[in-house]
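S.K.: Pasting a structure here, questions to come.
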Amino acid sequence: MHIVVAGLNHKTAPVEVRERVSVPEGELAETLAAMRRTRTVLESVVLSTCNRTEVYAVVSSSRAGEDYLRTWFARRGGAEASEHLYIREDREAARHLMRVACGLDSLVLGETQILGQVRDAYLAAADAGNTGALLNQLFRRAIQVGKRAQAEAGIGQNPVSVSYAAVQLVRKVFGDLAGKRVLVVGAGKMSRLTAQHLFAQGIAAMEVCNRTLARAQELAREFGASPLPWEALEDGLARADVVISSTGAQGFVIDTALAGRALARRGRRPVVMVDIAVPRDIDPAVGALGQVYLYDIDDLEGVVAANLAERERLARDVERMIADALREYGRWLAEQEVVPLIAAVREKGEAIQASVMESLARKLPDLSERERELLHKHTMSIVNQLLRDPVKNMKELAIAQGGGAHLEVFAQVFGISDDDLRRHRDASLWPEASDAAGGGLPELVRHWGEALRREGRGRDIDPPGTLQPAFR
1 MHIVVAGLNH KTAPVEVRER VSVPEGELAE TLAAMRRTRT VLESVVLSTC
51 NRTEVYAVVS SSRAGEDYLR TWFARRGGAE ASEHLYIRED REAARHLMRV
101 ACGLDSLVLG ETQILGQVRD AYLAAADAGN TGALLNQLFR RAIQVGKRAQ
151 AEAGIGQNPV SVSYAAVQLV RKVFGDLAGK RVLVVGAGKM SRLTAQHLFA
201 QGIAAMEVCN RTLARAQELA REFGASPLPW EALEDGLARA DVVISSTGAQ
251 GFVIDTALAG RALARRGRRP VVMVDIAVPR DIDPAVGALG QVYLYDIDDL
301 EGVVAANLAE RERLARDVER MIADALREYG RWLAEQEVVP LIAAVREKGE
351 AIQASVMESL ARKLPDLSER ERELLHKHTM SIVNQLLRDP VKNMKELAIA
401 QGGGAHLEVF AQVFGISDDD LRRHRDASLW PEASDAAGGG LPELVRHWGE
451 ALRREGRGRD IDPPGTLQPA FR
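The opening position of the sequence shown corresponds to residue 1 in UniProt numbering, with each subsequent residue numbered one higher.
Now the structure itself:
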């Protein structure tokens, strides 16, 4: 039994390949159902976004899992998909999921939208019945560390897009943008993105001015703005507190003469002009006019570079969070191997306590209900205290040894049979058909146990971000 992830993303495959293998929302239910029908895949989650398609799975064996997943991707994307496929196993699969959830594997480092996409993919698989104990725990912990990355490290707070950096510069001048008027000059992609960010700040009004009025009207409709004919550009400049310009023109569309006339009509009210165009739309000399705060693409790229450097610094903090989460998941895995034994031991202790209570009831028939409750409470306390250290030692031994290799001694000491253990095993962790699950949970735990022992000796385990080839 192994945890694996197979997939391709923006770093490994071109968009035409990603399009072919993507799983539309309408196909997800049948895709999950097909995976439930195979004996090879014991649990599965399908994550499909514009930048990646990945299948996280618990598989019966390494080889069978690789064959199934390679075939699955080849059927969707053709033979070419296999050339771009990555497959990672066990600890590296878990690390990969956590890095994805934290935005460390995204096109834009630290972007936060992916966490919601991971959560939605998991919930869809869980609702469909495709997940069991292993993926339930893994995805819950990945989502938790993703939330920590956003809340504690704040990795997604500093903008790394030019369009949002423009908003950041505008806010440095005005602070709160509520009530401000915006003029968008040009109707291209960058103008649209910047306008979108500004619109979300609660501005009072927006005008869109473009040489082609129809395009100005189209963008204006998108934001509930007012279209402005090109000949009215000066009027728009006179009204605006914020000017965003990106026209693609080969010369200045806002020169000192035009800006001077508009400023004269504004009185002494300041205006922020953000020139996103290359070549520039706004004559740099306009920045020397009174009450004008002019920023060009170099200013914006400087903000982006500084924010990206900060995100990279924060990413190191997030990697440490991921390392902690991986260790905790590894400990949980190791403990699962002894859970059936602990449950059987507790069951035996509680059976002895119940037998003692029945004997007391026969010998002391005149006991009051209150006396019976006290006896029950104190006899159970004896059982719990007797089992506390053995149970603790079972868990610690499982973690220290990377599994339950020596736990048969505990089973013999407490007189626990194989039948007792089977009754307490989680079916998703201990598939009944051992040939369908390879080495089962013990095999998976041993893989993690070795890593835990190395960590316990203070050694580094795989530098953050390294990709280990799976299925050697």
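In this text, a Cβ means the ideal position worked out from N, Cα and C, and glycines have one as well.
As the structure is a prediction and not an experimental result, all values here were calculated from the model.
In three-state DSSP terms, what is residue 424?
M.R.: The residue given as residue 424 occupies position 424 in the sequence shown. Coil at residue 424, not helix or strand.
S.K.: So, helix, strand or coil for residue 433, using DSSP?
M.R.: Numbered from 1 along the sequence shown, position 433 holds the residue referred to as residue 433. Because the pLDDT at residue 433 is just 42, under 50, the model does not fix this residue reliably, and the value given afterwards should be weighed accordingly. Here residue 433 sits in coil by DSSP.
S.K.: Pairing CB atoms from the region 122-130 with CB atoms from the region 315-322, are three or more of them under 8 Å?
M.R.: Because the criterion of three Cβ pairs below 8 Å is not met, the region 122-130 and the region 315-322 do not touch.
S.K.: Given this structure, state the Cα-to-Cα distance separating residue 375 from residue 425, to the nearest angstrom.
M.R.: Here the question's residue 375 lines up with position 375 in the sequence shown. Here the question's residue 425 lines up with position 425 in the sequence shown. If I take the Cα positions, the gap works out to 31 Å.
S.K.: Under 6 Å Cβ to Cβ from residue 433, same chain only, skipping five residues before and after it: list those, please.
M.R.: Working through the sequence shown from its first residue, we reach residue 433 at position 433. Only weak support is given to the placement of residue 433: the predicted model assigns it a pLDDT of 42, under 50, and the value that follows is read from those uncertain coordinates. Cβ neighbours of residue 433 beyond the five flanking positions: none.
S.K.: Taking three-plus beta-carbon pairs below 8 Å as touching, is the region 212-221 in contact with the region 161-180?
M.R.: Because the criterion of three Cβ pairs below 8 Å is not met, the region 212-221 and the region 161-180 do not touch.
S.K.: For the alpha helix (DSSP H) holding residue 340, just list the boundary residues, first then last.
M.R.: The residue given as residue 340 occupies position 340 in the sequence shown. Taken as a continuous stretch (DSSP letters only), the alpha helix (DSSP H) holding residue 340 covers 339-363.
S.K.: Out of 212, 357 and 177, state which residue places its alpha-carbon closest to the alpha-carbon of residue 200.
M.R.: Numbered from its first residue, the sequence shown carries residue 200 at position 200. The candidate whose alpha carbon is nearest that of residue 200 is 177.
S.K.: In the structure shown, what three-state DSSP assignment does residue 8 receive?
M.R.: Walking along the sequence shown from the start, residue 8 turns up at place 8. It is a strand residue.
S.K.: Suppose contacts are defined by Cβ-Cβ distances below 8 Å. Is residue 244 in contact with residue 195 by that definition?
M.R.: Walking along the sequence shown from the start, residue 244 turns up at place 244. Walking along the sequence shown from the start, residue 195 turns up at place 195. Against a cut-off of 8 Å, the Cβ pair of residue 195 and residue 244 comes out as a contact.
S.K.: Does DSSP put residue 107 in a helix, a strand or coil?
M.R.: By 1-based counting over the sequence shown, the position of residue 107 is 107. Here residue 107 sits in coil by DSSP.
S.K.: How should residue 437 be labelled, buried or exposed, when 16 other C-beta atoms within 10 angstroms of its C-beta is the threshold for buried?
M.R.: Translated into the one-based positions of the sequence shown, residue 437 becomes position 437. Note that residue 437 has pLDDT 46, beneath the 50 cutoff, so the model's placement of it is unreliable and the number below is only indicative. Counting Cβ neighbours within 10 Å, residue 437 comes out buried, since at least 16 surround it.
S.K.: Label residue 435 either buried or exposed according to how many other C-beta atoms from any shown protein chain fall within 10 Å of its C-beta, with 16 as the threshold for buried.
M.R.: Here the question's residue 435 lines up with position 435 in the sequence shown. At residue 435, the pLDDT of 42 sits below 50, so the modelled position is not reliable and the matter cannot be decided from this model.
S.K.: Do you know offhand how far residue 304's Cα is from residue 44's?
M.R.: Counting from one through the sequence shown, the residue named residue 304 turns up at place 304. Counting from one through the sequence shown, the residue named residue 44 turns up at place 44. C-alpha separation (whole angstroms): 38 Å.
S.K.: If you reduce the DSSP assignment to three classes, tell me which class residue 297 lands in.
M.R.: Indexing the sequence shown from 1 puts residue 297 at position 297. Here residue 297 sits in helix by DSSP.
S.K.: Taking 7 Å as the cut-off, is the beta-carbon of residue 32 closer than that to any non-hydrogen atom of the ligand SAH?
M.R.: As for the ligand SAH, it is missing from this structure, which has no ligand bound.
S.K.: Could you pull out every residue in the same chain whose Cβ sits closer than 6 Å to the Cβ of residue 153, ignoring the five residues on either side in sequence?
M.R.: Position 153 of the sequence shown, counted from the first residue, corresponds to residue 153. Contacts found: 314, 317 and 318.
S.K.: With a threshold of 8 Å, are at least 3 pairs of Cβ atoms found where one atom belongs to the region 240-255 and the other to the region 275-293?
M.R.: At 8 Å Cβ cutoff, the stretches touch.
S.K.: What does residue 288 pair with, by DSSP beta-bridge criteria?
M.R.: What you label residue 288 is simply residue 288 of the sequence shown in a count that begins at 1. None, per the DSSP bridge assignment.
S.K.: Where do the N-terminal and C-terminal ends of the beta strand (DSSP E) with residue 475 fall, by residue?
M.R.: Residue 475 is absent from the model: the chain starts at 1 and stops at 472.
S.K.: Could you tell me the alpha carbon to alpha carbon distance between residue 97 and residue 76, rounded to whole angstroms?
M.R.: Looking up residue 97 in the sequence shown gives position 97. Looking up residue 76 in the sequence shown gives position 76. About 22 Å.
S.K.: Please report how far the alpha carbon of residue 308 lies from the alpha carbon of residue 197, in whole angstroms.
M.R.: Locating residue 308 in the sequence shown gives position 308, where the first residue counts as 1. Locating residue 197 in the sequence shown gives position 197, where the first residue counts as 1. Going by the C-alpha atoms only, they are around 19 Å apart.
S.K.: Report the start-end ranges of each beta strand (DSSP E) in the region 26-58 that is 3 residues or longer and not cut off at the edges.
M.R.: Within the region 26-58, the complete beta strand (DSSP E) runs of at least 3 residues are 41-48.
S.K.: Near residue 109, what residues of its chain come up, given a Cβ to Cβ distance below 6 Å and the 5 sequence neighbours on each side ignored?
M.R.: In the sequence shown, residue 109 corresponds to position 109, counting from 1. Contacts found: 311.
S.K.: Does the distance from the C-beta atom of residue 17 to that of residue 81 stay below 8 Å?
M.R.: In the sequence shown, the residue the question calls residue 17 occupies position 17. In the sequence shown, the residue the question calls residue 81 occupies position 81. Contact flag set, yes.
S.K.: For the alpha helix (DSSP H) holding residue 368, just list the boundary residues, first then last.
M.R.: Here residue 368 corresponds to residue number 368 of the sequence shown, with the count starting at 1. From DSSP, residue 368 is part of no alpha helix (DSSP H); its letter is neither H nor E.
S.K.: Residue 251: which of 284, 265 and 301 sits nearest, CA to CA?
M.R.: Position 251 of the sequence shown, counted from the first residue, corresponds to residue 251. The residue with the shortest Cα to Cα distance from residue 251 is 284.
S.K.: Have a look at residue 42 and residue 443 and give me their C-alpha separation to the nearest angstrom.
M.R.: Counting from 1 along the sequence shown, the entry for residue 42 is found at position 42. Counting from 1 along the sequence shown, the entry for residue 443 is found at position 443. The alpha-carbon atoms of residue 42 and residue 443 are separated by roughly 15 Å.
S.K.: Any idea what DSSP makes of residue 416, helix, strand or coil?
M.R.: If you number the sequence shown from 1, residue 416 lands on position 416. Of the three classes helix, strand and coil, the one that applies to residue 416 here is coil, per DSSP.
S.K.: Given that a residue counts as buried once 16 or more other Cβ atoms are within 10 Å of its Cβ, and exposed if not, what is residue 214?
M.R.: Here residue 214 is taken as the residue at index 214 of the sequence shown, counted from 1. Classification for residue 214: exposed.
S.K.: Since residue 87 is in the beta strand (DSSP E), which residue starts that stretch and which ends it?
M.R.: Within the sequence shown, residue 87 is the residue found at index 87, counting from 1. Residues 86-89.
S.K.: What residues in its chain sit with their C-beta under 6 Å from that of residue 172, if we drop five residues either side in the sequence?
M.R.: Numbered from its first residue, the sequence shown carries residue 172 at position 172. Answer for residue 172: no residue qualifies.
S.K.: For residue 245, does the three-state DSSP call read helix, strand or coil?
M.R.: On the sequence shown, position 245 is the one that residue 245 refers to. In the structure shown, residue 245 sits in a strand (DSSP, three-state: E or B).
S.K.: Let me confirm a value: residue 51 is counted as buried when at least 16 other C-beta atoms fall within 10 Å, else exposed. Which label applies?
M.R.: Along the sequence shown, one-based indexing puts residue 51 at 51. Under this definition residue 51 is a buried residue.
S.K.: DSSP three-state call for residue 469: helix, strand or coil?
M.R.: What you label residue 469 is simply residue 469 of the sequence shown in a count that begins at 1. Caution applies to residue 469, whose pLDDT of 31 falls short of 50 and renders its modelled position unreliable; the value that the coordinates give is listed next. Coil at residue 469, not helix or strand.
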